[in-house]
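Some notes on the structure that comes next.
In full-length UniProt numbering, the protein residues as written are 1 to 573.
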């Protein structure tokens with residue numbers, strides 16, 4: 001505990017080292033005591049008559065079987081390290097690309113200053129080796145070494161300077177672990193290849209699916225006796241986020257890297273072989289793709305409110321309504337106009353102390369205060385409030401409700417008898433799912449500025465799900481003129497409230513959708529006792545009242561950017 005709290009304290013380190021040594025010494029002493037205890041029973045200082053008769057003259061040379069078994073048991077027993085189960089905090093990346101390039105990579109970034117006039121390439125290489133301290137080996141038989149050139153450069157990276165010489169003199173500077181080779185660029189056989197290992201920090205986004213549920217194998221034999229085997233496997237994805245079969249990094253390596261490579265997905269490892277120039281391209285790809293994927297926290301609230309509260313909040317959705325004063329969401333997609341985002345201003349506040357009203361986009365504080373005021377007033381009811389963190393540009397689904405299944409296809413199976421026919425409905429195909437509750441399909445795309453989020457939203461609420469008669473199958477006995485069997489096929493009937501839209505918000509802001517109206521109609525009858533039940537004249541003593549309570553469904557969706565540390569990122573103006 002002390003070492004975990006103060007790992008840099010030298011006194012704590014010395015105390016931890018002393019405790020470890022004492023623990024090891026106690027373990028060794030316990031082992032010695034155990035061996036002495038086992039061997040004491042066979043000691044010559046405690047002789048017995050049977051022991052004297054059967055004494056082994058070689059006794060004392062090899063260890064007894066009990067001792068050997070005990071030592072073997074101790075050696076094979078599992079020793080739990082003292083750091084087992086503890087939390088270890090690491091700083092910095094798990095893997096550095098510079099480590100894969102070797103120690104020469106850092107030297108190639110040194111800045112050089114050279115001023116030479118009309119010298120051969122061979123002399124230039126010698127001068128360059130003396131200035132930088134790097135061993136450069138060249139084949140003197142290369143004709144290009146006799147060519148002359150003039151160089152005047154100040155504070156230029158060595159790698160960039162060598163790249164310039166390569167392009168103009170058709171030579172290849174191949175960087176090795178400890179020196180640089182100069183070879184003919186026209187001869188591919190002299191190009192030096194090396195193998196490097198790259199460990200990714202962020203891993204891969206692969207299809208989330210289980211093993212094949214079923215496999216169909218088909219063999220086809222051609223006229224020339226060539227057998228073609230085709231196997232079709234069926235997988236079930238438990239996350240339908242449209243993740244590609246090949247990750248984006250793998251596709252980039254396939255298109256732009258010309259060397260050999262292999263990816264181990266379980267270990268997040270890339271093994272590549274090629275020339276230093278080819279591997280440099282691969283490292284640039286890894287550097288750009290091996291970064292944390294941005295995430296967005298989606299918080300949804302499905303709320304129903306009464307008509308007075310709805311009108312008081314100023315959220316009566318009207319096509320083309322746009323007043324002055326409220327912020328209009330920006331549209332970076334070209335899919336919407338200003339009329340797609342109605343705004344409201346100068347509407348009375350709700351609750352004590354509330355000075356801001358609902359608009360179509362709300363801040364976090366205004367949203368929380370307004371929802372709290374509605375809950376306290378009893379004018380609203382929260383149906384569902386799910387939340388989910390999604391990857392950038394990956395669709396996700398939030399569902400909360402009761403799931404029912406039904407068949408859409410049936411076949412009639414009949415058994416013909418002498419005077420009647422026995423029939424039955426036999427379902428075919430796969431059952432269809434219907435959910436009674438709230439569901440939200442969402443796709444979040446973080447804009448290039450890192451502040452705005454483009455949301456594609458499709459909320460849906462199914463209510464009043466019930467099975468209603470669709471068709472009736474009746475078996476009739478013609479001889480006895482009676483119904484033998486009757487079966488009614490029922491299909492679901494439900495009320496659906498659904499919206500689909502795209503909108504652009506800042507991180508931490510809330511989109512409000514809704515205005516879908518549902519009515520609760522109730523009929524109440526009040527009557528005078530006894531007199532209200534008299535036929536004909538009883539109507540004069542009864543009063544019928546019809547109550548129509550409209551309620552509005554509002555859907556609040558809050559999108560907040562989450563960084564790789566799990567922190568919520570909200571930008572202020």
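Backbone N, C-alpha and C fix where the C-beta goes; we use that ideal spot for every residue, glycine too. Treat the numbers as computed from the prediction; the structure is a model and nothing was measured.
What are the boundary residues of the alpha helix (DSSP H) that includes residue 447?
Walking along the chain shown from the start, residue 447 turns up at place 447. Residue 447 -> no alpha helix (DSSP H), and no H or E assigned at all.
Kindly indicate which three-state DSSP category residue 407 falls into: helix, strand or coil?
Mapped onto the chain shown, residue 407 falls at position 407. Here residue 407 sits in coil by DSSP.
With DSSP as the reference, please indicate the residues paired to residue 264 in a beta bridge.
Taking the first residue of the chain shown as position 1, residue 264 is located at position 264. Residue 264 is bridged to 269.
Between the region 383-396 and the region 296-310, do at least 3 Cβ pairs fall closer than 8 angstroms?
Result yes; three or more Cβ-Cβ pairs closer than 8 angstroms.
Count the other CB atoms, across all protein chains shown, that sit within 10 Å of the CB of residue 192; report buried if there are 16 or more and exposed otherwise.
As a first step, residue 192 must be located in the chain shown, where it is residue number 192. Answer is exposed; the Cβ neighbour count stays below 16.
According to the neighbour-count rule (16 or more other Cβ atoms, all chains shown, within 10 Å of its Cβ), is residue 244 buried or exposed?
Position 244 of the chain shown, counting from 1, holds the residue named residue 244. Residue 244 comes out exposed.
Classify residue 192 as helix, strand or coil using the three-state DSSP reduction.
Within the chain shown, the letter at position 192 stands for residue 192. Coil, per DSSP.
Quick one: complete beta strand (DSSP E) runs, 3+ long, within the region 193-250?
Complete beta strand (DSSP E) runs here, min 3: 194-199, 214-221, 227-234, 237-239.
Could you tell me the distance, in whole angstroms, from the CA atom of residue 166 to the CA atom of residue 172?
Taking the chain shown and counting its residues from 1, one reaches residue 166 at position 166. Taking the chain shown and counting its residues from 1, one reaches residue 172 at position 172. C-alpha separation (whole angstroms): 6 angstroms.
How would you call residue 526, buried or exposed, if buried means at least 16 neighbouring beta carbons within 10 angstroms?
Within the chain shown, numbered from 1, the residue matching residue 526 stands at position 526. By the 10 Å Cβ count, residue 526 comes out exposed.
Hey, residue 454 and residue 504: beta-carbon distance below 8 angstroms or not?
The count along the chain shown starts at 1 and reaches residue 454 at position 454. The count along the chain shown starts at 1 and reaches residue 504 at position 504. It is a contact, given that the beta carbons lie within the stated cut-off.
Might you give, ordered along the chain, the residues of its own chain that have their beta carbon closer than 6 angstroms to the beta carbon of residue 411, omitting 5 neighbours on each side?
Position 411 of the chain shown, counted from the start, is the residue given in the question as residue 411. The residues are 426, 428.
Which residue or residues does DSSP assign as beta-bridge partners of residue 184?
To locate residue 184, count along the chain shown from 1; it is residue 184. Partner(s): 171.
Just checking my contact of residue 421 with residue 475 at CB under 8 angstroms: how many whole Å lie between their CB atoms?
Reading the chain shown from its first residue, position 421 is the one you call residue 421. Reading the chain shown from its first residue, position 475 is the one you call residue 475. The Cβ separation is near 6 angstroms, so the contact holds.
Below 8 angstroms, how does it come out for the region 145-161 and the region 251-261: are there three or more Cβ pairs, yes or no?
Judged by Cβ distances under 8 angstroms, the region 145-161 makes no contact with the region 251-261, as fewer than three pairs qualify.
Could you give the distance in angstroms between the alpha-carbon of residue 108 and the alpha-carbon of residue 196?
Within the chain shown, numbered from 1, the residue matching residue 108 stands at position 108. Within the chain shown, numbered from 1, the residue matching residue 196 stands at position 196. So the two alpha carbons sit approximately 18 angstroms from each other.
Count the CB pairs spanning the region 168-182 and the region 133-150 that are closer than 8 angstroms, and state whether there are at least three.
A contact exists between the region 168-182 and the region 133-150.
Where do the ends of the alpha helix (DSSP H) carrying residue 131 lie?
Translated into positions along the chain shown, residue 131 becomes position 131. Taken as a continuous stretch (DSSP letters only), the alpha helix (DSSP H) holding residue 131 covers 121-132.
Pairing CB atoms from the region 554-568 with CB atoms from the region 494-512, are three or more of them under 8 angstroms?
Yes, they touch.
In whole angstroms, what is the alpha-carbon distance linking residue 434 and residue 489?
The residue labelled residue 434 in the question sits at position 434 within the chain shown. The residue labelled residue 489 in the question sits at position 489 within the chain shown. One C-alpha to the other measures close to 17 angstroms.
Using only alpha-carbon positions, find the residue among 307, 126, 568, 522 that is nearest to residue 450.
Here residue 450 refers to the residue found at position 450 of the chain shown. Checking every option, the nearest Cα to that of residue 450 belongs to 568.
Nearest-angstrom Cα distance between residue 219 and residue 442?
Indexing the chain shown from 1 puts residue 219 at position 219. Indexing the chain shown from 1 puts residue 442 at position 442. Between residue 219 and residue 442, the C-alpha separation is close to 43 angstroms.
Quick one: measure Cβ to Cβ for residue 293 and residue 391, integer angstroms, because I've assumed they're closer than 8 angstroms.
Here residue 293 refers to the residue found at position 293 of the chain shown. Here residue 391 refers to the residue found at position 391 of the chain shown. Confirmed, about 5 angstroms.
Are the beta-carbon atoms belonging to residue 380 and residue 304 less than 8 angstroms from one another?
Within the chain shown, residue 380 is the residue found at index 380, counting from 1. Within the chain shown, residue 304 is the residue found at index 304, counting from 1. Yes, the pair counts as a contact, with Cβ atoms nearer than the cut-off.
Which word fits residue 111, buried or exposed, when buried means at least 16 other C-beta atoms lie within 10 angstroms of its C-beta?
Taking the first residue of the chain shown as 1, we reach residue 111 at position 111. Flag for residue 111 reads exposed.
Which first and last residues belong to the beta strand (DSSP E) in which residue 427 is found?
What you label residue 427 is simply residue 427 of the chain shown in a count that begins at 1. Segment 421-428, the beta strand (DSSP E) holding residue 427.
Please check the pair residue 493 and residue 466, which I expect to be a contact at CB under 8 angstroms, by giving their CB distance rounded to whole angstroms.
One-based indexing of the chain shown puts residue 493 at position 493. One-based indexing of the chain shown puts residue 466 at position 466. Contact holds; Cβ gap of about 6 angstroms.
Put residue 414 into one of helix, strand or coil per three-state DSSP.
In the chain shown, residue 414 corresponds to position 414, counting from 1. Residue 414 falls in the strand class under three-state DSSP.
For the alpha helix (DSSP H) containing residue 509, list its first residue and its last residue.
Residue numbering aside, residue 509 sits at position 509 when the chain shown is read from its first letter. Premise fails: residue 509 is in no alpha helix (DSSP H) and is neither H nor E.
Following the continuous alpha helix (DSSP H) through residue 89, name the residue where it begins and the one where it ends.
The residue given as residue 89 occupies position 89 in the chain shown. Unbroken run through residue 89: none, as it is neither H nor E.
Exposed or buried, which one is residue 164 when buried takes at least 16 other CB atoms within 10 Å?
Walking along the chain shown from the start, residue 164 turns up at place 164. So residue 164 counts as exposed.
What do you reckon, are the CB atoms on residue 395 and residue 241 nearer than 8 angstroms?
In the chain shown, counting from the first residue as 1, residue 395 sits at position 395. In the chain shown, counting from the first residue as 1, residue 241 sits at position 241. Taking 8 angstroms as the Cβ cut-off, residue 395 and residue 241 qualify as a contacting pair.
Would you call residue 324 buried or exposed, if buried means 16 or more other Cβ atoms sit within 10 Å of its Cβ?
Taking the first residue of the chain shown as 1, we reach residue 324 at position 324. In this prediction, residue 324 has a pLDDT of 34, which is less than 50 and means its spatial position is unreliable; nothing more can be read from the coordinates.
Starting from residue 492, follow the beta strand (DSSP E) in both directions and report where the run begins and ends.
Position 492 of the chain shown, counting from 1, holds the residue named residue 492. Note, residue 492: beta strand (DSSP E), 482-498.
Kindly list the residues whose CB is nearer than 8 angstroms to the CB of residue 575, restricted to its own chain and excluding five residues on each side of it in sequence; keep chain order.
The structure shown does not extend to residue 575, since the chain is modelled only from 1 through 573, so no value can be given for it.
Take residue 448 and list the residues in its own chain whose beta-carbon comes closer than 6 angstroms to its own, dropping the five residues that flank it on each side.
Working through the chain shown from its first residue, we reach residue 448 at position 448. Taken in chain order, the list of residues that qualify is empty.
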